[in-house]
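Before any comments, here is the structure.
In the working numbering, the protein residues as written are 9 to 532.
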């Protein structure tokens, strides 16, 4: 239950990736002309388009992906655990006892809310209690519960809080770091926060504070001069509602905005031809995959599963669906942004001769099977069509059925047996215990046939605190998952975006969907 309550936050929110260059324009001109830098020259503002404004300024309640995007410069987490380091924000330290059960969190001194009030341990306890009340729908129940059992939080002094876990959870360290604090004074100490007026007032702790919020139009933030960290270098961050992607492209070309999400390979290629633009890409930290439904009698002979996996040409699928920029071939059930991802794990390779033999011997050849995909997810339809075409080579006919997001999971995350395959994706950034385990232990992916050996490895990784031991456990787990033909990881999608080329700092501390630390950004 608790894992379900946090799933939206874990899938969308704030885990870091490092930007790598997707290519910068060489000043070529074409019929599209030159992207104007008028916006930044006039106001020193970073203007970013969104399809909708936030539903709340309370980061504990905002679960929309674009909401997390807009609140990133407005509120800070305690700390962020990346693949090779911990970056400290509101927290100064977090010490773990030898038995792995007690976490002692210490805040930095002289922290301030945007209204000038001090950020203290009382705010940590208040935020903890808000999440303890599950009626609030707050997004950090994973900090107050380990499994079904409650964590105990105690104030030690004005800057220190001690958390005592009911059982060892190696991923708790990173989960605690993601916590977004709430100001106790703004809510008058009332933990019933779901409909509080304070949710739409300036309750932030980040480098930018609220100037103006117009529902359905814009969110305007300005530099907070009393910020504890590096001084923000850009005056304002403006999120402007432009719901149509084509209109966003036009606004970017005209200089009305100076940031653009490149939603497809075609857009990337068009942007690359435009002068005055810098183009970047980062790993989204998601896994796009093909799964087989264990409740379908088609797979009673597991050689039928092997036949499908061996028949697929992954390189052809990724190139055909994602193009040159929007994704890369996946090799593991872990994403390439998971803490314990191992790039040496061997993925699946096409072997048509063996696939044909297995399809025939298992009785799969000559059958018609059904493949479901989510019509609201990028690249899924093209991927389905490519799979359909490739499986013809082993005499398997695939009927494709697209289902919208509202109904998709009501079909594929159940024990229905009237379909064989489905395409899906999951967020997989940070500690693998946070999200990936739930895809394979029956929390969500109930129709995935996970061997007990792999479930035991997930449990072992969850309760082992030594980093080297966990690394070895998760390497073995990834290898065993491939050997078990658990799912077919197809692609690791990329997030590409363009900016005016006078924006600097985009390559540092970047987060899916974009920036982790807005103080690193500046206009040259």
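C-beta atoms are modelled at their ideal positions from N, C-alpha and C, and glycine is treated no differently.
Rounded to a whole number of angstroms, what is the C-alpha to C-alpha distance between residue i and residue j?
i           : j           : result
residue 104 : residue 127 : 23 Å
residue 84  : residue 490 : 38 Å
residue 317 : residue 397 : 14 Å
residue 307 : residue 70  : 41 Å
residue 413 : residue 443 : 19 Å
residue 13  : residue 56  : Residue confidence for residue 13 is low, a pLDDT of 38 falling below 50, so the modelled location carries little weight; the figure read from the coordinates is stated next. Residue 13 and residue 56: Cα-Cα distance of roughly 30 Å.
residue 232 : residue 458 : 49 Å
residue 153 : residue 159 : 5 Å
residue 223 : residue 356 : 48 Å
residue 170 : residue 163 : 6 Å
residue 251 : residue 498 : 30 Å
residue 130 : residue 168 : 9 Å
residue 236 : residue 303 : 55 Å
residue 390 : residue 337 : 15 Å
residue 82  : residue 411 : 36 Å
residue 309 : residue 400 : 20 Å
residue 225 : residue 79  : 15 Å
residue 291 : residue 530 : 23 Å
residue 86  : residue 117 : 13 Å
residue 72  : residue 369 : 48 Å
residue 352 : residue 487 : 9 Å
Specify, as a first and last residue, the run of the beta strand (DSSP E) that residue i falls within.
i           : result
residue 150 : Residue 150 -> not in any beta strand (DSSP E); alpha helix (DSSP H) instead, spanning 149–152.
residue 402 : Per DSSP, residue 402 belongs to no beta strand (DSSP E) and is neither H nor E.
residue 376 : 376–382
residue 343 : Counting along the chain, residue 343 falls outside any beta strand (DSSP E), and DSSP gives it neither H nor E.
residue 501 : 496–508
residue 100 : 99–104
residue 220 : 216–222
residue 513 : From DSSP, residue 513 is part of no beta strand (DSSP E); its letter is neither H nor E.
residue 56  : 53–58
For residue i, does the count of other Cβ atoms within 10 angstroms reach 16, so buried, or fall short, so exposed?
i           : result
residue 165 : exposed
residue 92  : exposed
residue 409 : exposed
residue 376 : exposed
residue 407 : exposed
residue 142 : exposed
residue 532 : exposed
Hey, quick one: how far does the alpha helix (DSSP H) through residue i stretch, first residue to last?
i           : result
residue 327 : 322–330
residue 407 : Residue 407 -> not in any alpha helix (DSSP H); beta strand (DSSP E) instead, spanning 405–411.
residue 253 : 253–262
residue 192 : Here residue 192 belongs to no alpha helix (DSSP H), and DSSP marks it neither H nor E.
residue 472 : That residue, residue 472, is in no alpha helix (DSSP H); it is neither H nor E in DSSP.
If I'm right that residue i touches residue j with Cβ under 8 Å, what's the distance once you round it to whole angstroms?
i           : j           : result
residue 68  : residue 147 : 6 Å
residue 133 : residue 161 : 6 Å
residue 66  : residue 183 : No, residue 66 and residue 183 are not in contact; Cβ-Cβ is about 19 Å, not under 8 Å.
residue 429 : residue 298 : 6 Å
residue 511 : residue 266 : 7 Å
residue 246 : residue 53  : 5 Å
residue 179 : residue 361 : Not a contact, Cβ separation roughly 43 Å.
residue 394 : residue 329 : 6 Å
Quiz prompt | contact_flag[the stretch 211–228, the stretch 106–123] where n(CB pairs < 8 Å) is 3 or more | solution = yes
Quiz item: Is there contact between the stretch 443–454 and the stretch 312–324, where contact requires at least three CB pairs shorter than 8 Å?
Solution: no
Exercise. Check whether the stretch 280–288 touches the stretch 474–488, counting contact only when three or more Cβ pairs, one atom from each stretch, lie closer than 8 Å.
Key: no
Practice problem: Specify whether the stretch 463–474 and the stretch 244–256 touch according to this definition: at least 3 beta carbon pairs, one from each stretch, less than 8 Å apart. | Solution: Contact fails: fewer than three Cβ-Cβ distances are below 8 Å.
Quiz item: Do three or more CB pairs link the stretch 261–279 to the stretch 412–427 at distances below 8 Å?
Solution: As far as the Cβ criterion goes, the stretch 261–279 does not touch the stretch 412–427, which means the pair count is below three.
Quiz item: Three or more beta-carbon pairs under 8 Å between the stretch 429–441 and the stretch 332–347, yes or no?
Solution: yes
Practice problem: Evaluate the contact criterion for the stretch 197–206 versus the stretch 101–116: three or more CB pairs, one atom per stretch, below 8 Å. | Solution: no
Quiz item: Contact between the stretch 255–274 and the stretch 500–510: three or more CB pairs below 8 Å?
Solution: yes
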